[in-house]
Amino acid sequence: MIRLEKRPSPSRAWTIATPLVAVALTMVAGSILFMILGKDPFAAIKTIFYDPLFHPDFAAFSRPQLLVKAGPLILIAIGLSMGFKAGIWNIGAEGQYIIGALAGAAVGLALYPAESFLIYPAMVIAGALGGWAWAMIPAILRTKFRTNEILVSLLLVYVAENILASAAVGWLRNPEGGGFPGSRNLSKWASSANPELISGTGMHWGVVAAFIAVILAYVVMSRHLLGFQIQLAGQAPRAARFAGVNPSRLVVLCLGISGMLAGMAGLFEVTGPAGQISIDFNSGYGFTAIIVAFLGRLNPIGILLAGLLMALTYIGGELAQFMLGLPAAAIQAFQGMLLFFLLGVDVLSNYRIRIGTGKAA
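Just so you know, we're using this note's numbering here: the sequence shown kicks off at -8 and counts up by one.
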């Protein structure tokens, strides 16, 4: 007979080992998936994890893309992690990412073709405020009407996607685009461009913001009273209330921070790698960032490493589609396995397996 026995306290060893075990299990399960699809599993794993960094024909292009892909994932995941630690579940970062991009792009396009160094900072602020405002909807509904922020934030993603489609074919459409959907190319206008700061590295302002967010989050969570309140609210809600933590204020604060960072990620993406508002602008970063947050154990340094790893699966996945003919859905399933195994193995942090005589497995 196999049963789970509650540990007196979470296992520190398993807490550290869980992401590594989850990655290993993902590779095993992914290999089985690739075999079922008729592909060489070793070649697929090598193409996803090794070739983008070290293959002489691909590395020169793929390495800079690592930071390009990791930047928005890290920035969004940092914001989500603070709420998750407090037991506040923002699942709608994808919507906040879209609205932030729309708000920031709208400011820039309204000022086109003016030239000023103040335009881009104004767009960044607008993007942050757009994401913040979209996150305030589930925040206010939870604090005032006790609604579930998981459902509200998730459903708002689909609202945001429809607003994005409306903007791409309507109020933000390029008047010189011959009727095709999509805005002007912001990356080609000097005042709104988010260029590569160091040639050949992929480093742009969004990546810089992600690194700053990691540092600030680490300081807040380990050295500031707010970090203590967030962790206390997540681990012992009743004790947090007795300690004077205001639950409603914490909900508004955590959702606001995560929405703001997601909105900034959208703005940096639309002015850099994406270049314009389009119907398919959203690329799932908001949802993938949830995997990054948990893979990084909701720790800023862990999120930095997890973001780079997930970015590698994006780049390697695209390479595997091109080189091996793997379907995009298989790559998405491979990425989803990370969260599946992470959550599954994470049970062992709080429970130990007992078999028959009661000895730990």
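Positions of the beta carbon are idealized from the N, C-alpha and C atoms, including for glycine.
Quick caveat, the model's predicted, so the values are computed rather than measured.
*Can you list, in chain order, the residues of its chain whose CB lies under 6 angstroms from that of ALA119, leaving out five sequence neighbours each side?*
If you number the sequence shown from 1, residue 119 lands on position 128. For ALA119, where only same-chain residues beyond five positions count, the Cβ hits under 6 angstroms are MET251, GLY254 and MET255.
*In chain order, what residues of the same chain lie with their CB nearer than 7 angstroms to the CB of LYS60, ignoring the 5 residues before and after it?*
Residue mapping note: residue 60 aligns to position 69 of the sequence shown, counting from 1. These residues qualify, in order along the chain: ALA302, TYR305 and ILE306.
*When the distance is taken between beta carbons, is MET328 closer than 8 angstroms to ILE38?*
Stepping through the sequence shown from its first residue, residue 38 is reached at position 47. Stepping through the sequence shown from its first residue, residue 328 is reached at position 337. It should be pointed out that residue 38 corresponds to Thr in this sequence rather than to Ile. Their beta carbons are not under 8 angstroms apart, which means THR38 does not touch MET328 by this criterion.
*Distance, Cα to Cα, VAL115 vs GLY298?*
Position 124 of the sequence shown, counted from the start, is the residue given in the question as residue 115. Position 307 of the sequence shown, counted from the start, is the residue given in the question as residue 298. When only Cα atoms are considered, VAL115 and GLY298 end up about 22 angstroms apart.
_First through last residue of the alpha helix (DSSP H) which encompasses GLU152_ = Position 161 of the sequence shown, counted from the first residue, corresponds to residue 152. Here the alpha helix (DSSP H) through GLU152 covers 140 to 160.
*Please list the segments of the alpha helix (DSSP H) lying wholly inside the stretch 234 to 299, counting only runs of 4 or more residues, in order along the chain.*
Entirely contained in the stretch 234 to 299, the alpha helix (DSSP H) runs reaching 4 residues are, in chain order, 238 to 261 and 276 to 286.
*Expected contact under 8 angstroms - CB spacing of GLU85 and GLY277 to nearest Å*: Position 94 of the sequence shown holds residue 85. Position 286 of the sequence shown holds residue 277. Going by Cβ atoms, the distance from GLU85 to GLY277 rounds to 3 angstroms, so yes, they are a contact pair.
*Taking just the CA atoms, how far does PRO(-1) sit from TYR149?*
One-based indexing of the sequence shown puts residue 149 at position 158. One-based indexing of the sequence shown puts residue -1 at position 8. Their backbone Cα atoms lie some 42 angstroms apart in a straight line.
*Does DSSP classify ILE79 as helix, strand or coil?*
Position 88 of the sequence shown, counting from 1, holds the residue named residue 79. In this structure, ILE79 counts as coil in the three-state DSSP scheme.
*Hey, ALA96 and ILE268 are a contact pair by Cβ (cut 8 angstroms); roughly how many whole angstroms apart?*
The residue given as residue 96 occupies position 105 in the sequence shown. The residue given as residue 268 occupies position 277 in the sequence shown. Yes, ALA96 and ILE268 are in contact; Cβ-Cβ is about 5 angstroms, under 8 angstroms.
*Tell me, please, which residues DSSP counts as bridged to LEU(-5).*
Looking up residue -5 in the sequence shown gives position 4. Answer by DSSP bridge pairing, in chain order: ILE344.
_Reference TYR103, options GLY62, LEU28 and ASN176, closest by Cα_ = Here residue 103 corresponds to residue number 112 of the sequence shown, with the count starting at 1. The shortest Cα separation from TYR103 among GLY62, LEU28 and ASN176 belongs to ASN176.
*Tell me whether the beta-carbon of GLY78 lies closer than 8 angstroms to the beta-carbon of GLY225.*
Your numbering for residue 78 matches position 87 in the sequence shown. Your numbering for residue 225 matches position 234 in the sequence shown. For GLY78 and GLY225, yes; Cβs fall inside 8 angstroms.
*For the alpha helix (DSSP H) containing GLU85, list its first residue and its last residue.*
In the sequence shown, counting from the first residue as 1, residue 85 sits at position 94. 84 to 102 is the span of the alpha helix (DSSP H), which, as asked, contains GLU85.
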